[in-house]
Amino acid sequence: MIRQNLFILSVQHCGSSEQRQIFFGLSILAYVFTIFVNLTLILTIVLEKILHEPMFIFLCNLCVNSICGSTSFYPKLLIDLLSDSHVISYTACIIQIFGICMYLFCESTNLSVMAYDRYVAICKPLEYHSIMTPRRVGMLLQITWFLTFIETIVGILLIVRLPLCGSRINKLYCFEWDVVKLSCIDNTLNNVFDFVIMVFHIFQFQIIIISYVLIIRTCVRSQAERNKFMETCLPHLIIMGILVASATLDFMSARLTSDTSLQPLRNSLSIMYLIVPPILNPVIYGLKLKQLRRIVWKRIGD
Numbered sequence: 051m052i053r054q055n056l057f058i059l060s061v062q063h064c065g066s067s068e069q070r071q072i073f074f075g076l077s078i079l080a081y082v083f084t085i086f087v088n089l090t091l092i093l094t095i096v097l098e099k100i101l102h103e104p105m106f107i108f109l110c111n112l113c114v115n116s117i118c119g120s121t122s123f124y125p126k127l128l129i130d131l132l133s134d135s136h137v138i139s140y141t142a143c144i145i146q147i148f149g150i151c152m153y154l155f156c157e158s159t160n161l162s163v164m165a166y167d168r169y170v171a172i173c174k175p176l177e178y179h180s181i182m183t184p185r186r187v188g189m190l191l192q193i194t195w196f197l198t199f200i201e202t203i204v205g206i207l208l209i210v211r212l213p214l215c216g217s218r219i220n221k222l223y224c225f226e227w228d229v230v231k232l233s234c235i236d237n238t239l240n241n242v243f244d245f246v247i248m249v250f251h252i253f254q255f256q257i258i259i260i261s262y263v264l265i266i267r268t269c270v271r272s273q274a275e276r277n278k279f280m281e282t283c284l285p286h287l288i289i290m291g292i293l294v295a296s297a298t299l300d301f302m303s304a305r306l307t308s309d310t311s312l313q314p315l316r317n318s319l320s321i322m323y324l325i326v327p328p329i330l331n332p333v334i335y336g337l338k339l340k341q342l343r344r345i346v347w348k349r350i351g352d
């Protein structure tokens, strides 16, 4: 039984030492860029009172979450890419699982909240400010982080109870299912929890779909509403599509096949939702939202 031991990560599948150095350079550029663009949007939204609207507040929350998720993933990856020893301690592994799960769960819930906000803005414009009051916005943010924390901490508690009989993790980072697979005992409870979480987030995804069906129905009637949809809703749909597609592909590749020859592909799929959304969130929203883009460029110019 392994408890306080080292886990071996599959960084060796990233190629030779020279190739890993190239990946290191690309990864550190991606990390620095992610922190810079998200922090720029956060500071812009916080400092500009004109941007203290629900849509921008939820976007700010998305950027905060992106920084937290990236910081849970990149530092350990960067160390491993320069090292010949690709190991992580049990405690560090649990901490990384906590950070990455918080990021994923918060991303999904925050995107659902943003879909609701866009639905009210476009389908009920006259009631928007009476519905999306500062108090309700604050409540939605609190619910987002509360649900995220509860989901994550329950998952962590279900992991730490398990005695482990293996040390090899088939990912570039620690994740819940990969550690559960190393268990020496029956992990049915963990599987049930995973199923409940999956159903919950499928429900969130359905809320997003229903919101956008109603939004599209409304937009058909008016050119102005169509323009509003293209500016404020299309970025949200792009980010949601990337997150859902990459998470689904990673889930399928991890659970449906154990072919080691596919490990490089699995590594690529497993990091897409940790790399792409945090980079694209501020870039896509910054490009599409004219008001935000104008203020950002003004601040950079000053």
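Position 119, counted from 1, in the sequence shown is what our numbering calls 169; the numbers after and before it change by one each time, with no gaps.
From the three backbone atoms N, C-alpha and C, an ideal C-beta is built for every residue, glycine too.
Asked	Found
Beta strand (DSSP E) segment containing residue 138, residue limits	137-139
Span of the alpha helix (DSSP H), counted from its first residue to its last, around residue 244	238-269
Sequence-distant residues of its chain with Cβ nearer than 8 Å to residue 170 (five each side left out)	177, 178, 181, 182
Three-state secondary structure (DSSP) of residue 218	strand
Proximity of residue 266 and residue 334 at Cβ, strictly below 8 Å	no
Contacting residues, own chain, Cβ-Cβ under 8 Å from residue 58 (five flanking each side not counted)	136, 137, 217, 218, 219
Length of the line joining the Cα atoms of residue 336 and residue 245	36 Å
Residues of its chain near residue 197, where Cβ-Cβ distance is below 8 Å and the 5 sequence neighbours each way are ignored	155, 159
Three-state class that DSSP yields for residue 233 in the structure shown	strand
Given residue 356 as reference, the closest of 145, 294, 346 once Cα atoms are compared	Lying outside 51 to 352, the shown extent of the chain, residue 356 is not represented and no answer is given.
Residue 205 classed as buried or exposed, judged by whether at least 16 other C-beta atoms fall within 10 angstroms	buried
Candidates 143, 214, 221, of which the one nearest residue 237 by Cα	214
Distance, residue 93 Cα to residue 283 Cα	23 Å
Residue interval of the alpha helix (DSSP H) (run including residue 68)	67-97
Runs of alpha helix (DSSP H) wholly within the segment 180-228 (minimum 4 residues, chain order)	184-210
Closest Cα partner of residue 319 within the set 222, 211, 232	222
Beta-carbon proximity of residue 247 to residue 147, cut-off 8 Å	no
Reference residue 252; option with closest CA among 321, 75, 298	298
Boundaries of the alpha helix (DSSP H) in which residue 134 is found, first to last residue	First-last for residue 134: undefined, no H or E at that position.
CB-CB length for residue 150 against residue 119, believed under 8 Å	7 Å
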